[in-house]
Amino acid sequence: MKLSLRISLTLAALSLTISLIVAGASYLYQLRSATEQNESLVLQLAQGAQRASVIAAYLNDHELANEILAGLINNDLIADAEIQTSSEQPNVNQAQNIVKVELFNPFMANEKLGDLVVYSNSDYIQQQATETSLLTAYMLLGLSFVTVISVGLFVRIKLTAPLIKLADEFLKVDVSKPNQLVSLDIGYQHKDEIGLLVKKVNSLISALQTQYLSEYELRKSTETLQRRFRLLFEQSTAGIGLLENDGRVNISNPAMNQLFGKDIEGENFVSFFETPELLQEHIQAIQSNNAYSQVGLDLVSYKGERKRYLHCLLSTIKDSRQDPRDDSDHLIEIMIYDVTSRRELEQRARYEADHDSLTGLMNRRSGLVTLTSQLNKARATHKVFAVMMIDLDRFKPINDDHGHDVGDVVLQKISERLSALTSAFDANCIRWGGDEFLVGIAIDCIEKGCASDVEDLATSLLGSLQQTIRIDEQLTVQVGASIGIVLLDISNNNRPSATVDLNEVTIENLIKKADELMYNIKQEGKNSFVIDHI
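When the letters of the sequence shown are read in order and numbered with the numbering used here, they come out as residues 266 to 799.
Pasting the structure below:
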């Protein structure tokens, strides 16, 4: 069945059903309304004759009464009427619908003379109400019929006809020849739903044609891309490869083989590195997909005797081939860069940033960080921590008399002696600035004797620093040192005599105290040391 006919029949059936329901309801309503209206008229007629009927009943005037009753009976709505006295019985053979109006003595309101009884013409009233109701129902049905015809014609012209034309044109589309597709033209110019449908269908046809052309171009470029990717894979300076689930190398490019000095396909990948356990742990984490799907690691590998630093990127990829793999569901992609040169440059730059270029000792900035860490560690391990502030005596005259080159040699020799003497201790030597040096020492002794250990070390330092320094065959120089030493024994924190919370003492506090002690030695004659506690 065609769409237009189906729509028309549906509209007709729906309209007929609604019209019948509305007409039936209207009929019943009109019938009841007309009946009630006619009965109301009968009551009004009876009430209108009430006054005259009272007079006729009071005077017992039969002639007047007959005239009143004849006037009522002449109305089509009334079948019969009578005036009954109190002693008379109603005529039960008359029509069932009775309107009774009581008649009272006009001079004595409580005295009832009788009743004016009016019998309505039920058949006539019913006939009139039925005719009026049917007329209204027929008018509704006729209006519905005209509406259905009008709507059906409008739907056919404005809706089904364009849709049928669009369907006929769409059936002519041959999707097997997408390069020959053309837009549909049904001559519909309105900007409504049908116009939007035509526009969308034409957009679909255009998209289909565009997709076909793009896929054709994609197929043409795929081979070119494959050749380029193959060239990139083979000529890349980075090592590229794939790992199976068991950790063996599935494929590797020439750069990766060159990194390890041989063709590594089929080899256990983690065996080439200094820390195979760490690498294996990350590979398993990637395979589980619980932690991450990509990770970068800095690893160490050896090629012969040479240590090399390699940056390795690992990431999971899906095997997108249509045929399922027998050996694994996932592959791990590897990219490896040889960063040995960069790492060595970074280490050299970091060393130069943290150390004094002349003496090789830590500079003031990095030394302060190191001493802070050393102090915290000493607290945690209950060690005594000592800070020595060392200032060279008679260095300025040597620097002024013999020049900065000689002064630099002196500073280098002093640094070597400091490092040698403190090497047996948990100590850090720092060039604090100019001819000042700072030494931090953590001493593993809580009982008595820590101060004497530090005193022995300070005595050795003074003796070593005072030894003659040979600049060349003709020149030797000699310096001394003033040393301020402060000891921090964390075990004293719980003693009743403690006035300072030793846990709150910072490395800056210790350095300041040691500097004050060193300055006092300078004032008192130099070339000595003093030890104090906090």
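For each residue, glycine too, the CB sits at the ideal point set by N, CA and C.
My guess is that residue i and residue j are in contact by the Cβ rule of under 8 angstroms, so how many angstroms apart are they, rounded?
i: E304; j: I390; result: 7 angstroms
i: S398; j: Q315; result: Not really, about 32 angstroms apart at Cβ, beyond 8 angstroms.
i: Q677; j: L623; result: 7 angstroms
i: L752; j: V719; result: 6 angstroms
i: K787; j: D665; result: Not quite, the Cβ-Cβ distance comes to about 18 angstroms (not below 8 angstroms), so this is no contact.
i: I343; j: Y384; result: 7 angstroms
i: L508; j: I582; result: That belief does not hold up - the Cβ atoms of L508 and I582 are roughly 10 angstroms apart, past 8 angstroms.
i: A801; j: L334; result: Past the boundaries of the shown model lies residue 801; the chain is included only from 266 to 799, so the question cannot be answered.
i: V652; j: I736; result: Going by Cβ atoms, the distance from V652 to I736 rounds to 31 angstroms, so no, they are not a contact pair.
i: R608; j: Y574; result: 4 angstroms
i: K791; j: G745; result: 6 angstroms
Please classify residue i: does DSSP put it in a helix, a strand, or coil?
i: I799; result: coil
i: Y477; result: helix
i: E539; result: coil
i: H547; result: helix
i: V604; result: coil
i: V383; result: strand
i: L378; result: strand
i: F372; result: coil
i: L446; result: coil
i: Y453; result: coil
i: T502; result: coil
i: D718; result: helix
i: V307; result: helix
i: V634; result: helix
i: D665; result: helix
i: V770; result: coil
i: S441; result: coil
i: E789; result: helix
i: L462; result: helix
By DSSP's criteria, residue i is part of a beta bridge. Which residues make up the other side?
i: H620; result: M627
i: T741; result: R735
i: S747; result: D656
i: E781; result: Its beta-bridge partners do not exist; DSSP assigns none.
i: S580; result: Q559 and E598
i: Y574; result: V565
i: V649; result: I708
i: F794; result: I748
i: L285; result: Partner(s): none; L285 has no beta bridge.
i: L775; result: BP columns for L775 are empty, so no partner.
i: N753; result: Here residue 753 is Leu; the residue named in the question, Asn, does not match the sequence. BP columns for L753 point to F650.
Along the chain, where does the alpha helix (DSSP H) that runs through residue i open and close?
i: Q391; result: S387 to V420
i: S684; result: H669 to T687
i: L337; result: H327 to I338
i: F435; result: A426 to L436
i: K423; result: First-last for K423: undefined, no H or E at that position.
i: V319; result: Q315 to L324
Go to residue i, then tell me how far its beta strand (DSSP E) extends in each direction, as first and last residue.
i: I348; result: I343 to T350
i: S566; result: Q559 to K568
i: F702; result: E701 to I708
i: N693; result: D691 to G698
i: I363; result: I363 to F369
* To do: Run through the region 504-538 for me and flag every whole alpha helix (DSSP H) of 4 or more residues, listed as ranges in chain order.
  => Note on the region 504-538: whole alpha helix (DSSP H) runs with a minimum of 4 residues are 519-525, in chain order.
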